[in-house]
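Counted from 1, the sequence shown has number 286 at position 286 by full-length UniProt numbering; the numbering is strictly sequential.
From the three backbone atoms N, C-alpha and C, an ideal C-beta is built for every residue, glycine too.
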Amino acid sequence: MAQLSPQLKQATPVVATHGEGVYLYDEAGTRHLDFTAGIGVTSTGHCHPKVVEAAQRQVGNLIHGQYTTIMHKPLQQLTQKLGEVLPQGLDSLFFANSGSEAAEAALRLARQATGRPNIIVFQGGFHGRTVAAASMTTSGTKFKAGFSPLMPGVVVSPFPNPSMYRDLGWGQEQVTDFALKQLDLVLQTQSSPADTAAFMVEPVLGEGGYVPGNERFFAGLRERADKHGILLAIDEVQTGFGRTGKYWGLDHFRGEDSAVTPDIQMFAKGIASGFPISGIAARSEIMEKAWPGSQGGTYGANAVACAAALATLDVIAEENLVANADARGEQLRAALRRIAADYPHIVDVRGLGLMIGVEFADAHGQPDTATAAAVQKEAAKRGLLLLTCGPWTEVVRFIPALVVNEQQVDDAAEIFAGAVASVLG
Numbered sequence: 001m002a003q004l005s006p007q008l009k010q011a012t013p014v015v016a017t018h019g020e021g022v023y024l025y026d027e028a029g030t031r032h033l034d035f036t037a038g039i040g041v042t043s044t045g046h047c048h049p050k051v052v053e054a055a056q057r058q059v060g061n062l063i064h065g066q067y068t069t070i071m072h073k074p075l076q077q078l079t080q081k082l083g084e085v086l087p088q089g090l091d092s093l094f095f096a097n098s099g100s101e102a103a104e105a106a107l108r109l110a111r112q113a114t115g116r117p118n119i120i121v122f123q124g125g126f127h128g129r130t131v132a133a134a135s136m137t138t139s140g141t142k143f144k145a146g147f148s149p150l151m152p153g154v155v156v157s158p159f160p161n162p163s164m165y166r167d168l169g170w171g172q173e174q175v176t177d178f179a180l181k182q183l184d185l186v187l188q189t190q191s192s193p194a195d196t197a198a199f200m201v202e203p204v205l206g207e208g209g210y211v212p213g214n215e216r217f218f219a220g221l222r223e224r225a226d227k228h229g230i231l232l233a234i235d236e237v238q239t240g241f242g243r244t245g246k247y248w249g250l251d252h253f254r255g256e257d258s259a260v261t262p263d264i265q266m267f268a269k270g271i272a273s274g275f276p277i278s279g280i281a282a283r284s285e286i287m288e289k290a291w292p293g294s295q296g297g298t299y300g301a302n303a304v305a306c307a308a309a310l311a312t313l314d315v316i317a318e319e320n321l322v323a324n325a326d327a328r329g330e331q332l333r334a335a336l337r338r339i340a341a342d343y344p345h346i347v348d349v350r351g352l353g354l355m356i357g358v359e360f361a362d363a364h365g366q367p368d369t370a371t372a373a374a375v376q377k378e379a380a381k382r383g384l385l386l387l388t389c390g391p392w393t394e395v396v397r398f399i400p401a402l403v404v405n406e407q408q409v410d411d412a413a414e415i416f417a418g419a420v421a422s423v424l425g
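This is the structure:
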């Protein structure tokens with residue numbers, strides 16, 4: 001009989017029988033407040049009626065039709081719908097199944113479109129676990145250890161992450177200066193601009209600790225990309241579709257004139273409320289440089305997943321979920337900061353919208369993996385499901401469905417406060 005690996009068993013505190021909104025129910029009928037949302041996937045909550053109805057209807061009509069062979073209506077409609085919400089100029093799409101596939105598709109396109117071999121990624125970024133995606137991931141060694149050699153042609157530059165330089169007393173301005181200066185050094189000493197196909201970066205570090213970027217950093221990336229003919233590839237897998245309180249994570253950092261726009265944008269996770277679909281968007285003049293037949297996949301743009309995505313995008317608009325993510329995020333951050341004020345071990349509460357991290361450090365200011373894990377486990381015992389992240393998994397992250405309401409946020413904060421008090425005394 002097949003068995004789950006010990007790692008997977010440890011990571012699964014609840015055997016869920018069904019879900020509704022922000023709640024999961026286990027085999028004993030116990031209700032759990034789910035602030036993981038399947039790692040940011042169930043954006044409209046578990047089993048939103050409109051998403052369920054759309055998927056059920058589509059299953060009865062057409063389950064699968066590979067879009068290099070046939071075309072189907074849900075794909076055509078989803079392409080049209082995404083054209084209404086994507087950043088201006090991104091008018092060509094390729095569909096796949098997962099975030100890792102989107103990262104590899106963006107990499108392949110960037111190399112083929114520019115004829116250049118190298119990709120510059122940023123410290124703390126997570127782009128997936130497949131070989132190429134893991135090669136571009138720097139949020140933790142666990143995502144790439146044990147199956148080397150990995151893909152060459154990846155160079156790492158700093159991300160403006162104040163938590164990494166807290167002991168130096170650096171704030172956002174200093175870390176941004178450092179990150180941009182070090183990027184110039186990378187271009188001078190490690191990856192010549194003539195060899196650099198793209199910068200690939202998350203607007204907010206996900207697995208790297210829920211660390212937002214900032215406007216000046218992204219303006220600096222755009223400026224250098226334009227100067228050297230480098231493409232700017234933005235990984236919106238976790239930050240897209242309203243998660244950060246704006247439709248796209250990069251929307252926080254575009255500037256007043258929206259000058260900072262991506263050349264390639266990746267998406268996945270929250271697009272279809274739990275159905276597997278991902279993709280990349282790019283300007284047509286870039287996408288047209290992809291070599292014929294180089295991109296593809298059997299299940300990309302699956303008809304049922306496309307139908308679920310269409311329903312999800314409708315729900316996000318109809319129920320004003322982007323605005324709700326912003327408002328509930330403000331509420332949750334304020335509550336978590338009130339809790340943090342009583343505990344020196346909580347050194348930061350940060351994030352945008354409903355993508356919030358609580359960072360723990362020990363008495364010496366070092367990352368406190370044990371306390372973060374203990375708090376997460378205690379919260380689960382009390383009915384609140386959370387995740388950890390960060391280089392040392394020292395950050396407890398809150399990532400509920402965008403449908404979460406004011407009372408549910410209050411309930412989560414109360415449970416978390418109890419969990420922290422139980423662990424830290």
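In the structure shown, what three-state DSSP assignment does Q66 receive? In the sequence shown, counting from the first residue as 1, residue 66 sits at position 66. When secondary structure is reduced to three states using DSSP, Q66 falls in the coil class, being assigned neither helix nor strand.
Kindly indicate which three-state DSSP category S135 falls into: helix, strand or coil? Taking the sequence shown and counting its residues from 1, one reaches residue 135 at position 135. Looking at S135 - three-state DSSP - the assignment turns out to be helix.
Proximity of F95 and G300 at Cβ, strictly below 8 Å: Counting from 1 along the sequence shown, the entry for residue 95 is found at position 95. Counting from 1 along the sequence shown, the entry for residue 300 is found at position 300. Result yes, Cβ atoms of F95 and G300 sit closer than 8 Å.
Assigned exposure category for S163 - 16 Cβ within 10 Å defines buried: For the purposes of this step, residue 163 is taken as residue 163 along the sequence shown, with counting starting at 1. Burial call: buried.
Would F159 pass as a contact of G128 if the rule is Cβ separation under 8 Å? Locating residue 159 in the sequence shown gives position 159, where the first residue counts as 1. Locating residue 128 in the sequence shown gives position 128, where the first residue counts as 1. The Cβ atoms of F159 and G128 lie no closer than 8 Å to each other.
Closest residue to C389 among P344, G45, G140 (Cα-Cα distance): Here residue 389 refers to the residue found at position 389 of the sequence shown. Residue G140 is the option with its Cα nearest to C389.
Which parts of the segment 246-332 are runs of the beta strand (DSSP E), unbroken and 3 residues or longer, counting only runs that do not cross its ends? Unbroken beta strand (DSSP E) runs of no fewer than 3 residues, entirely contained in the segment 246-332, are found at 264-267, 278-282, following chain order.
What do you get for V15, buried or exposed, if any count of 16 or more other CB atoms within 10 angstroms of its CB means buried? Translated into positions along the sequence shown, residue 15 becomes position 15. The residue is exposed, with fewer than 16 neighbouring Cβ atoms inside 10 Å.
C-alpha gap between S284 and P292, whole angstroms: In the sequence shown, the residue the question calls residue 284 occupies position 284. In the sequence shown, the residue the question calls residue 292 occupies position 292. Rounded to the nearest angstrom, the two C-alpha atoms are 14 Å apart.
Three-state secondary structure (DSSP) of P193: The count along the sequence shown starts at 1 and reaches residue 193 at position 193. In the three-state scheme derived from DSSP, where H, G and I count as helix and E and B as strand, P193 is classed as helix.
How many Å lie between Q238 and D342 at the Cα? In the sequence shown, residue 238 corresponds to position 238, counting from 1. In the sequence shown, residue 342 corresponds to position 342, counting from 1. Q238 and D342: Cα-Cα distance of roughly 31 Å.
Taking contact to mean 3 or more Cβ pairs, one atom from each stretch, closer than 8 Å, check whether the segment 60-74 and the segment 345-362 are in contact. Between the segment 60-74 and the segment 345-362, the count of C-beta pairs closer than 8 Å stays below three; the two stretches do not touch.
Proximity winner among T196, D177, D195, relative to N214 (alpha-carbon distances): Position 214 of the sequence shown holds residue 214. Among T196, D177, D195, the Cα nearest to that of N214 belongs to D177.
Could you check whether A113 and I286 sit closer than 8 Å to each other, using their CB atoms as the reference points? Translated into positions along the sequence shown, residue 286 becomes position 286. Translated into positions along the sequence shown, residue 113 becomes position 113. Contact flag set, yes.
Candidates A28, T69, R31, E20, of which the one nearest V52 by Cα: Within the sequence shown, the letter at position 52 stands for residue 52. If we check each option's Cα against that of V52, E20 comes out closest.
If contact is defined by three or more beta carbon pairs under 8 Å, each pair taking one atom from either stretch, is the segment 387-401 in contact with the segment 35-43? Touching, yes.
Mind checking which residues open and close the beta strand (DSSP E) that includes V347? The residue labelled residue 347 in the question sits at position 347 within the sequence shown. Its beta strand (DSSP E) spans residues 346-352.
How far does the beta strand (DSSP E) with R31 in it reach, from first residue to last? Reading the sequence shown from its first residue, position 31 is the one you call residue 31. Looking at the DSSP string, the run of the beta strand (DSSP E) that includes R31 is 31-34.
DSSP puts S92 in a beta bridge; with which residues? Mapped onto the sequence shown, residue 92 falls at position 92. In the DSSP output, where bridge partners are listed per residue, S92 has A282.
Taking only the alpha-carbon atoms, compute the straight-line gap between G351 and G206 and give it to the nearest angstrom. On the sequence shown, position 351 is the one that residue 351 refers to. On the sequence shown, position 206 is the one that residue 206 refers to. Distance between the alpha carbons of G351 and G206: 10 Å.
Where does R397 sit, in a helix, a strand or coil, going by DSSP? Numbered from 1 along the sequence shown, position 397 holds the residue referred to as residue 397. Three-state DSSP puts R397 in a strand.
Output the boundary residues of the beta strand (DSSP E) element that contains F416. As a working note, residue 416 is residue 416 in the sequence shown. From DSSP, F416 is part of no beta strand (DSSP E) but of the alpha helix (DSSP H) over 406-424.
Going by the beta-carbon positions, is the gap between V175 and Y165 smaller than 8 Å? As a working note, residue 175 is residue 175 in the sequence shown. As a working note, residue 165 is residue 165 in the sequence shown. In this structure, the beta-carbon distance from V175 to Y165 falls below 8 Å.
Of all the options V395, A370, V404, which has the alpha carbon lying nearest to the alpha carbon of L424? As a position in the sequence shown, residue 424 is number 424, starting the count at 1. The shortest Cα separation from L424 among V395, A370, V404 belongs to A370.
Helix or strand or just coil, what does DSSP make of E215? Counted from its first residue, the sequence shown places residue 215 at position 215. In this structure, E215 counts as helix in the three-state DSSP scheme.
Return the Cβ separation of G65 and A303 in integer angstroms, given the expectation that the two are a contact with Cβ distance under 8 Å. In the sequence shown, residue 65 corresponds to position 65, counting from 1. In the sequence shown, residue 303 corresponds to position 303, counting from 1. The Cβ separation is near 6 Å, so the contact holds.
According to the neighbour-count rule (16 or more other Cβ atoms, all chains shown, within 10 Å of its Cβ), is D326 buried or exposed? For the purposes of this step, residue 326 is identified with residue 326 of the sequence shown, where counting begins at 1. Residue burial annotation: D326 is buried, with at least 16 other C-beta atoms found within 10 angstroms of its C-beta.
Please confirm whether E202 has its beta-carbon closer than 8 Å to some beta-carbon of chain C. Absence of chain C from the displayed structure is noted, only one protein chain being present.
Could you check how far apart the C-beta atoms of A307 and Q58 are, in whole angstroms? I think they sit under 8 Å. In the sequence shown, residue 307 corresponds to position 307, counting from 1. In the sequence shown, residue 58 corresponds to position 58, counting from 1. Going by Cβ atoms, the distance from A307 to Q58 rounds to 4 Å, so yes, they are a contact pair.
L231 beta carbon less than 8 Å from that of D263: Within the sequence shown, the letter at position 263 stands for residue 263. Within the sequence shown, the letter at position 231 stands for residue 231. Cβ distance < 8 Å, so D263 and L231 count as in contact.
Check T244 in the structure and name its three-state DSSP category. Here residue 244 refers to the residue found at position 244 when the sequence shown is read from its first residue. Three-state result, T244: coil.
Suppose contacts are defined by Cβ-Cβ distances below 8 Å. Is K269 in contact with G45 by that definition? Here residue 269 is taken as the residue at index 269 of the sequence shown, counted from 1. Here residue 45 is taken as the residue at index 45 of the sequence shown, counted from 1. No.
Please classify L146 as buried or exposed, where buried requires at least 16 neighbouring CB atoms within 10 angstroms. Against the sequence shown, residue 146 aligns to sequence position 146. For the record, residue 146 in the displayed sequence is Gly; it is not Leu. Exposed, because fewer than 16 other Cβ atoms sit within 10 Å of the Cβ of G146.
Short check: CB of N118 to CB of A55, under 8 Å? Position 118 of the sequence shown, counted from the first residue, corresponds to residue 118. Position 55 of the sequence shown, counted from the first residue, corresponds to residue 55. No, the Cβ-Cβ distance between N118 and A55 is not below 8 Å.
Helix or strand or just coil, what does DSSP make of E84? Here residue 84 is taken as the residue at index 84 of the sequence shown, counted from 1. For E84, the secondary structure class from DSSP, reduced to helix, strand or coil, is helix.
What does the alpha-carbon distance come out to for the pair G60 and R111? Residue 60 sits at position 60 when you count from the first residue of the sequence shown. Residue 111 sits at position 111 when you count from the first residue of the sequence shown. Computed Cα separation, rounded: 40 Å.
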